[in-house]
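Sequential numbering from 135 applies to the sequence shown in this note's numbering.
Beta carbons: idealized from backbone N, C-alpha and C, even for Gly.
Quick caveat: nothing in here was measured; it's all calculated off a predicted structure.
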Amino acid sequence: MSAPVVRWAPSPTGRIHLGNARPALLNWFFARRHGGRYVLRMDDTDAARSTREFADGIEVDLAWFGVKPDLLVRQSERTALYEAAREQLIAAGRLYPCYETEDELDRRRKRARAMGKPPIYDRAALKLTAEDRARLEAEGRRPHWRFKLDGKPVQFDDLIRGPQTVNTASMSDPVLVREDGSYLYTLPSVVDDIDLGITHVIRGEDHVSNTGTQIEIFEALGGAVPQFGHHNLLTDPEGQGFSKRLGSQSIADFRQEGYEPLAVAIMATLTGTSIPVEPYESLDVVAELLDFAAISHGPARFDPAELDTLNSRILHAMPYSEAQPRLAQLGLDDEPLWLVLRENLVKFSDVVEWAKLIRGPVEPVIAEEDRDFLVAARELLPAEPWSIETWGEWTGAVKAQTGRKGKGLFLPLRLALTGRHDGPELKSLLPLLGRKACLDRLP
Ligand code: GLU
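Set out below in structure tokens:
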């Protein structure tokens, strides 16, 4: 394959969520695997809902994943291209003006349904004469423009779903240009895909029927038809699609909550595939693993608990060299500390709380019935230097003297030394605490 060119084309009408991250990253992976180019295209023709702030947010979120587009384009800056395509389609008789209002269309749809017919547009506007149009315009009406579908089944070989047929005969001629002259998504997308030399369009399966329409538009404009791949959609744990409008948890939210970008990226892409969710070393590794054959055809349900598990597994395996800059910002850049504490982390920032075990303050928890036992244990604390063996030596001696064993031996020591029931292994923690801190915490 010659080097592919792919694009991810979000609408900047909100912060992107996991469902958006899926095509963002699947396109990136494809470009990585094949040494291709990755275009970020802002589908911002809807001036009422798109903002520059959301567009900038999308760039920030991509950068957080480590994705750097080779090119960024904004549809709002490319209107001249769409105008030219529109003229071309009008000249070819494929784009025609319509004057119906929403109410009129709605009434017609209802009537069609009542008569047991599919509620598709009846193409009444095609029958308008020049005088009819002049009269309607004199009434103050402005046209919207529909693309005249061919009516022949459109076939394409989907890279993910295999051979597909879209029956455009059962669809309404789509509106490409609104009454105010602005463009809906369908035409600019095709015009840009042609202009930017897009070879592969990888997007959610909610676009399969659009693809039927768009292939007809590619052909009507004389452009090269790219290959299409439609992936399954990610849903929330209840099976609902993610939605910007309904305020689904955004990528920015995950970032603020302290998740690792790698964990979020892995969940966004490997959920609903045959590749197991594992703490892979980098997104490049995931890109290599995830080819289209691995993407399942059923829905992909996101499980937040799985994200937490993955996030912690990534942290548990994180080498000090990688954690060091972030630890330095917290004043905790200390390799032994990291190696002992990382196994307890779910989020990176948890390290702050856990570091208190070592650096204090710790409120020892001492039950009255354990006081004498703990006093005895204090007496038996070995002399320094301490190592990973010290805990075993010390508790061996305490056991021999007090006769306590198991939980009765270990738990009071843990509660006194750390103030809590859970936490890192004491044999690793003890050398970091040192004798003085232990003396202070024992009664
Ligand atoms: N802006 C469209 C969307 O977000 C792009 C779809 C496409 O990739 O063509 O759904």
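An exposed status is given to V194, since fewer than 16 other beta-carbon atoms sit within 10 Å of its beta-carbon. At least one heavy atom of ligand 1 is found less than 7 Å from the C-beta of H341.
Counted as a single uninterrupted DSSP element, the alpha helix (DSSP H) harbouring R186 occupies residues 186-199. Contact between T302 and T333 is ruled out by a C-beta separation of about 24 Å, above the 8 Å threshold.
Rounded to the nearest angstrom, the gap between the Cα atoms of E415 and L368 is 23 Å. If you check the CB distance, C232 and A272 do not come in under 8 Å. Judged by DSSP in its simplified three-state form, W162 adopts helix. I294 sits close to G363, with the two beta carbons spaced by under 8 Å. The region 138-150 and the region 383-400 touch, with three or more beta-carbon pairs separated by less than 8 Å.
Beyond the five residues adjoining it in sequence on each side, D504 comes within less than 6 Å, by CB distance, of P546 in the same chain, given in chain order. DSSP places H364 outside any alpha helix (DSSP H); the residue lies instead in the beta strand (DSSP E), whose first and last residues are 361-365. DSSP, reduced to helix, strand and coil, places G375 within a strand of the structure shown. Looking only at D180, K378, T345, P453, the smallest Cα-Cα distance to T299 is reached by T345. If you draw a straight line from the Cα of P558 to the Cα of I328, it is about 57 Å long.
Judged by the Cβ position, S323 qualifies as a neighbour of ligand 1 at the 7 Å threshold, a heavy atom of the ligand being closer than this. For F352, the enclosing alpha helix (DSSP H) begins and ends at 342-354. If you draw a straight line from the Cα of G542 to the Cα of V532, it is about 11 Å long. DSSP lists no beta-bridge partner residue for L293. In the structure shown, the three-state DSSP call for F281 is strand. Pairing Y393 with E412, the inter-Cα distance amounts to about 15 Å. Contact between A189 and D204 fails: their C-beta atoms lie close to 17 Å from each other, not under 8 Å.
According to DSSP, residue pairing for P231 in a beta bridge involves W279. Residue pairing by DSSP places Q298 opposite F290 in a beta bridge. Between the C-alpha atoms of H431 and G338 there is a straight-line separation of about 11 Å. Around the Cβ of A501, a 10 Å sphere holds fewer than 16 other Cβ atoms; the residue is exposed. Per DSSP, V309 is one residue of the beta strand (DSSP E) stretching across 309-311.
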